[in-house]
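By the numbering used here, the letter at position 14 of the sequence shown is numbered 18, and the numbering carries on one by one without gaps.
Note that CB positions come from ideal geometry on N, CA and C, so glycine has one too.
Since the model is a prediction, treat every value here as computed from it, not as a measurement.
Below is one structure, written out as structure tokens; the observations come after it.
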Amino acid sequence: MPRRALPLIGLVIAGLQAASVEAGSIDTAFLEAPWPKQRVHDYEVGTDTIRWRQKASAGEGIFA
Numbered sequence: 005m006p007r008r009a010l011p012l013i014g015l016v017i018a019g020l021q022a023a024s025v026e027a028g029s030i031d032t033a034f035l036e037a038p039w040p041k042q043r044v045h046d047y048e049v050g051t052d053t054i055r056w057r058q059k060a061s062a063g064e065g066i067f068a
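Shown next, in the form of structure tokens:
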């Protein structure tokens, strides 16, 4: 690898790290809102609690 490529690789790595810091966290508040006509089941998997939501309609059947 030529020596000229090393600074370029360093700049690429620094740019990728800066982009990930700038992105911040993902807002997941919309997942907490209730759904219309839903069934909610809480399951325990190991030490974690999993919430399973599914939409139900008598005319159309059950859709996840």
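D46: member of the beta strand (DSSP E) spanning Q42 to V49, first to last residue. Annotation: R55 to E36 spans about 10 Å, alpha carbon to alpha carbon. Straight-line measurement puts the Cα of V44 at about 17 Å from the Cα of A33.
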